[in-house]
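There are 4 protein chains.
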Amino acid sequence: MRVKVGVIGTGAIGIEHIDRINQKTQGAYVTAVSDINVKAAKEVAKRVDAKFFETGEALIASEDVDVVVVTSWDPTHEQYVLEAIKHGKYVFCEKPLAMDAAGCRRIVDAEVAYGKKLVQVGFMRRYDRGYIELKEAIESKQYGEALMMHCAHRNPSADENYTTPMAISNTAIHEIDVLRWLLNEDYESVQMILPKKTSNSHADLHDPQLLIFQTKSGVTIDLEIFVNCRFGYDIKCDVVFETAEVGMTDPAYTRIKSEEKNYTPVSPDWQTRFLDAYDYEFKLWIDSIKNDAVVGPTAWDGYVAAITMMACHESRETKTKVMIQMDERPALYNE
Amino acid sequence: MRVKVGVIGTGAIGIEHIDRINQKTQGAYVTAVSDINVKAAKEVAKRVDAKFFETGEALIASEDVDVVVVTSWDPTHEQYVLEAIKHGKYVFCEKPLAMDAAGCRRIVDAEVAYGKKLVQVGFMRRYDRGYIELKEAIESKQYGEALMMHCAHRNPSADENYTTPMAISNTAIHEIDVLRWLLNEDYESVQMILPKKTSNSHADLHDPQLLIFQTKSGVTIDLEIFVNCRFGYDIKCDVVFETAEVGMTDPAYTRIKSEEKNYTPVSPDWQTRFLDAYDYEFKLWIDSIKNDAVVGPTAWDGYVAAITMMACHESRETKTKVMIQMDERPALYNE
Amino acid sequence: MRVKVGVIGTGAIGIEHIDRINQKTQGAYVTAVSDINVKAAKEVAKRVDAKFFETGEALIASEDVDVVVVTSWDPTHEQYVLEAIKHGKYVFCEKPLAMDAAGCRRIVDAEVAYGKKLVQVGFMRRYDRGYIELKEAIESKQYGEALMMHCAHRNPSADENYTTPMAISNTAIHEIDVLRWLLNEDYESVQMILPKKTSNSHADLHDPQLLIFQTKSGVTIDLEIFVNCRFGYDIKCDVVFETAEVGMTDPAYTRIKSEEKNYTPVSPDWQTRFLDAYDYEFKLWIDSIKNDAVVGPTAWDGYVAAITMMACHESRETKTKVMIQMDERPALYNE
Amino acid sequence: MRVKVGVIGTGAIGIEHIDRINQKTQGAYVTAVSDINVKAAKEVAKRVDAKFFETGEALIASEDVDVVVVTSWDPTHEQYVLEAIKHGKYVFCEKPLAMDAAGCRRIVDAEVAYGKKLVQVGFMRRYDRGYIELKEAIESKQYGEALMMHCAHRNPSADENYTTPMAISNTAIHEIDVLRWLLNEDYESVQMILPKKTSNSHADLHDPQLLIFQTKSGVTIDLEIFVNCRFGYDIKCDVVFETAEVGMTDPAYTRIKSEEKNYTPVSPDWQTRFLDAYDYEFKLWIDSIKNDAVVGPTAWDGYVAAITMMACHESRETKTKVMIQMDERPALYNE
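Protein chains in written order, with this note's numbering: chain U, 1 to 335; chain L, 1001 to 1335; chain S, 2001 to 2335; chain R, 3001 to 3335.
Right, dumping it as structure tokens:
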């Protein structure tokens, strides 16, 4: 069996995923594409020998499409995901799942009504080897309980359009999902602290930012968001256990001694750092579809991320610690 | 287009490659298998939904087979490779290509007579990220010329059947291929030196061994072979350039502080260390077949490896430096 | 000129300093000792060929004593330091300078009245190479301003007598001094957060603890105190600059590959980790005395540490962020 | 007791040692200096409050001098050391002990005739923490026997006066001494191999060079000498044991992430790299004198180094492996 994939949205990330499927994902191939930019989409369709559809809805309905990938403009995610659920087709949606928690909740409700998990959200960090090893260390209990996490998410630079709240919605969102997945529990509170601002930022962006999360069981997480760190793309996640510390590395394949430095390279950008994670994410997604049971980040995970982000924004605005409250989890999402 | 692969030899490595193709190699699938152990081969055929063939020759001749993978018993490699050439089919052959240099030479001759490169030898080190980065560093000349290499190939342990010459034919063979590929030149001489012997060996195995290679241009390589090092599987390759040193790492995804040690894990075995290299090797092999032009290690590379190994054995036996002499390279193998 | 040193307090740390002076500190030697434990002090005096004094006051007054080292029982520090000031003699006092901020203030007042800096407090972290390199990085501005610091102070284990407040007064006190020295500015606020508690602690000790400091200029510091981390003695101090991160290492002189681990040792205890810092502290103290101008941590630094510790305790008890308020710095301490 | 030190030779290294003794070496001070450059020596004498002597012989004979440091022009080492032996005074001599093996032998004979070890040679590598930890690992047998060593001695650059043989006499001499000290056994043979030459050298210097030593028990050592490596001063010494590898680090106190590099600094020169070793060498020398039993590198070690260097030169010239033959060790040097 080979899975026929329809892709809605042929911008940069859409094209990356199309090529990823056709060139690297055994057992799947792209049969259909659609985009509001018709010209671009038609060119892609021609290049990869796929069918062009005028609308996402038409693509979703087509018999040429077994499963759907949504990489369109953010505000359209919700409608396409809901449409796919209506047709009972598996759908992979890049983050954000919807524009707010309410939108995510509507997807959750539709999926619960349908009675089966169809949606996977594009939180690709869960497919990175470093995080996978951290999760194994946590779940094995070989070092006792996780007590604290020290994390950082650093980008070399952000442009003028990147404003203070985007440190949450575009950047911290990755840690918001992956850290609760690592710990297998939800956050209880969040507090934002604004450190000294770098001179490499602009008036509408307070950079860096520091977030303190506490989980239901008391695990305390400090997370630095710094999007103008200049020196590279740098992700830190050090888990402090009862008897050990385990931290992610920036994987290196060579070590260089040159010009009085003994170094490994720092990743220049997220594409380089997480390329393997994206590949593995799609491999496992297609494998899970063959088993008719998706196992990746769910619509509920998308909802929880949205709720948590709202609390982060509130903490920044009120300068207080904010409790994170959410609906009860539907039984569909209990593992 | 999906490439139909026939696999001759369904032992451990054969099964690994079958699963690798079916589960990870986009654009290819296994359609046919054969093995002297008929029962085992039939079971594999059934499990992966492939056709069983009584003989490798029948498999090679079949219309169900576009390309051939040879993972059978070493002494049969040559005959199957020659048979594939006769049918003008691409063939991937695990090392060794043949039992000696003369056998490799017969394959080279057959391929030259056919007039097209069909054979790829399973020197998978060339597909490891560390070696690829080293080759980029060498070819870029950004640090000047490579002058020396300090290498080690260490296995945790070897069994009673592993004897002194196998340090060359089973172990050093990987470096013999990959180092000349890195430098893009041939060896001029080799000298073996026998260091103090570990007490963790047996009467028929002198372990460790030290090889000194010099290339045509004078690059000097020391290569330690140590197959009872006990602490793990450890591959070192440090290239000394005119202005820098660049060395391979044992890639790590997490770093651990535990029990007064700050450590990254050492790979336990070659399967773990080079898993990604095997996957990438097959991906590129299938990709190259789609382009109808294989680009991996050639039959000529197999021949050169065989010649070089003979010189290593001679140096060990004569306790002298041995010059490495070989036939002129046929034009087919000039890039 | 050789400096004659009198040591009050011949317990463990007192004896260490006596031997440090006599064996490693060029230009000084111990001429006099005193301790409430007369028998032990007399034995030490005999061993190192120094004079025994019945009281610290008598020792301080003696012509055989140029300068004084106070390593007696904590509650007696203040009286001996004040006595040394009265005699116009330089005095090195192990932390704490006094039992509370009021006591430290009395010493400051006495010193200001005397009109010359005579007191040095034993904050030996300032003499560690790692911290010295961090200070050079900060002061050079080569990476721009320091914006954040991520710190940890971890001990392998604490005994039953170690209670929750001691995480501040015995442990965090080192960072409280050294971090403001690094940044050359005072703290504005502190907030304590209590993470999930390790099962390797007891009822009267909440371990670990997390402190968030903000300095006058906005530099934000997270400091983990974890005194039962089990894996070793581990001090982290990562400074996040506008264009770089610079962090302290646990210095290693060899690297070991053994039992599938590639590791450097983690220091087992603070004595091992900071041995060199203690030696350097005394060398520079004696050198500064020869120049008649002590340059190490002052009585004012002892006072600020005491004030800051009080704020930490208050934050823990009130579960709120606490502003740190102190007297105006006397002109004597302006550099 | 304070040891009165007379220093013959007030060039760069002489002045360094004078200041080292006066500023860092508890229990000793410089009382006398001498140099063929009278003006310079008198200035030094005045600055450090020492007596100037017209000749080294006069200095050695003086009652103001307990022990002698020889840092004069290399060809004068032998005569001053012999003179010190004549007066029964301890003498520390910078390498080389004499201009050739015969000169070293004369010193050995004089010392044997005197009947007591008085001479210490300035092989300061033995006082470096990394080497000390390696020696502990070797002597503990915790990883079994040492089987091989992989070593490198790299300088950033050498000037026009540095010629091919100096790679042995000025550079490899350090490893020649320290490696046999580590292993506690002598070399049996040496072979020099000349790798591809760097373009950053000149006509009279073949750089780099590779030396292969084998010890009496069969330990095999490869030693790269590369004095124009450009990237810094880099000393490698990796010991391969039966069950582990232990290697020296270039100690670092901070780690830096900057400009897409995650690095520790490489030492710029030997002064930086081995500063602590020099200090420790003098501390232990003075300590040993107080115990009236010097324990550092002996005149015999100086002789063995000279013999070994001759074999290295012969191997380079004859392009063959050379056996290393030496006199029997006098009983005075048996420990």
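Even glycine gets a Cβ: it sits at the ideal position worked out from N, Cα and C. Only a predicted model underlies this, so the values are computations on that prediction, with no experimental measurement involved.
Take residue i and list the residues in its own chain whose beta-carbon comes closer than 6 Å to its own, dropping the five residues that flank it on each side.
| i | result |
| --- | --- |
| Arg-125(U) | Tyr-131, His-174 and Val-178 |
| Tyr-280(U) | Tyr-127 |
| Met-3149(R) | Ile-3221 and Val-3239 |
| Glu-2145(S) | Glu-2242 |
| Ala-3084(R) | Ile-3060, Val-3068 and Val-3091 |
| Thr-2010(S) | Val-2033, Asp-2035, Ala-2040, Ala-2041 and Val-2044 |
| Ala-244(U) | Tyr-143 |
Of the residues the options, which one's Cα is nearest the Cα of residue i?
| i | options | result |
| --- | --- | --- |
| Trp-3300(R) | Glu-3083(R), Lys-3046(R), Ala-3084(R) and Ala-3102(R) | Ala-3102(R) |
| Tyr-2263(S) | Ile-1036(L), Phe-1231(L) and Ser-1201(L) | Phe-1231(L) |
| Lys-1196(L) | Val-3240(R), Asn-3161(R), Ile-3235(R) and Pro-3195(R) | Val-3240(R) |
| Asn-2184(S) | Leu-2223(S), Ile-2138(S), Val-2190(S) and His-2087(S) | Ile-2138(S) |
| Val-44(U) | Gly-56(U), Val-30(U) and Glu-57(U) | Val-30(U) |
| Val-1266(L) | Lys-1236(L), Ser-1288(L) and Ile-1286(L) | Lys-1236(L) |
| Val-295(U) | Lys-86(U), Val-70(U), Lys-117(U) and Asp-159(U) | Lys-117(U) |
| Thr-3215(R) | Thr-3272(R), Ala-3058(R) and Ile-3176(R) | Ile-3176(R) |
| Glu-317(U) | Arg-20(U), Pro-165(U) and Gly-122(U) | Pro-165(U) |
| Asp-74(U) | Tyr-278(U), Thr-25(U), Ile-36(U) and Phe-213(U) | Ile-36(U) |
| Phe-1282(L) | Ile-8(U), Ile-286(U) and Lys-24(U) | Lys-24(U) |
| Gly-58(U) | Tyr-80(U), Thr-71(U), Pro-251(U) and Pro-208(U) | According to the sequence shown, residue 58(U) is Ala rather than Gly. With distances taken between Cα atoms, Ala-58(U) lies closest to Tyr-80(U). |
Excluding the 5 residues flanking residue i on each side, which residues of the same chain have their C-beta closer than 8 Å to its C-beta?
| i | result |
| --- | --- |
| Ser-1062(L) | Gly-1006, Ala-1032, Lys-1051 and Phe-1053 |
| Met-2001(S) | Gly-2027 and Lys-2290 |
| Pro-3156(R) | Asn-3228, Cys-3229, Arg-3230, Phe-3231, Gly-3232, Tyr-3233, Pro-3268 and Asp-3269 |
So what's residue i in DSSP terms, helix, strand or just coil?
| i | result |
| --- | --- |
| Arg-154(U) | strand |
| Leu-2183(S) | helix |
| Lys-2135(S) | helix |
| Tyr-3333(R) | helix |
| Val-2178(S) | helix |
| Glu-314(U) | helix |
| Gln-2023(S) | helix |
| Ile-1168(L) | helix |
| Ser-1199(L) | coil |
| Glu-3160(R) | coil |
| Glu-338(U) | Chain U is shown from 1 up to 335; residue 338(U) falls before or after that span and cannot be answered. |
| Thr-220(U) | strand |
| Glu-1188(L) | strand |
| Met-1001(L) | coil |
| Gly-2130(S) | helix |
| Ile-2018(S) | helix |
| Met-2326(S) | coil |
| Thr-1308(L) | helix |
Report all residues from its chain with a CB closer than 7 Å to the CB of residue i; omit the five preceding and five following residues, and keep chain order.
| i | result |
| --- | --- |
| Leu-2147(S) | Val-2219, Val-2240, Phe-2241 and Glu-2242 |
| Tyr-3303(R) | Ala-3101, Cys-3104, Arg-3105 and Val-3108 |
| Ser-169(U) | Met-309 |
Check whether the Cβ of residue i lies closer than 7 Å to any heavy atom of the ligand GDP, and answer yes or no.
| i | result |
| --- | --- |
| Tyr-2280(S) | As presented, the structure is devoid of all ligands, the ligand GDP included, so that no description of it is given. |
The region 3212–3236 of chain R: which residues have C-beta closer than 7 Å to a C-beta of chain U, in chain order?
Phe-3231, Gly-3232 and Asp-3234
Give the list of continuous beta strand (DSSP E) stretches no shorter than 3 residues that lie fully inside the region 2233–2306 of chain S.
2234–2241, 2244–2248, 2254–2258 and 2261–2265
Suppose only complete runs of 4+ residues qualify. What are the alpha helix (DSSP H) ranges in the region 3036–3119 of chain R, listed by chain order?
3038–3047, 3056–3061, 3077–3086 and 3101–3114
Contact list for the region 1252–1280 of chain L against chain S, Cβ threshold 9 Å:
Ala-1252, Ile-1256, Lys-1257, Ser-1258, Glu-1259, Glu-1260, Lys-1261, Asn-1262, Tyr-1263, Thr-1264, Pro-1265, Val-1266, Ser-1267 and Pro-1268
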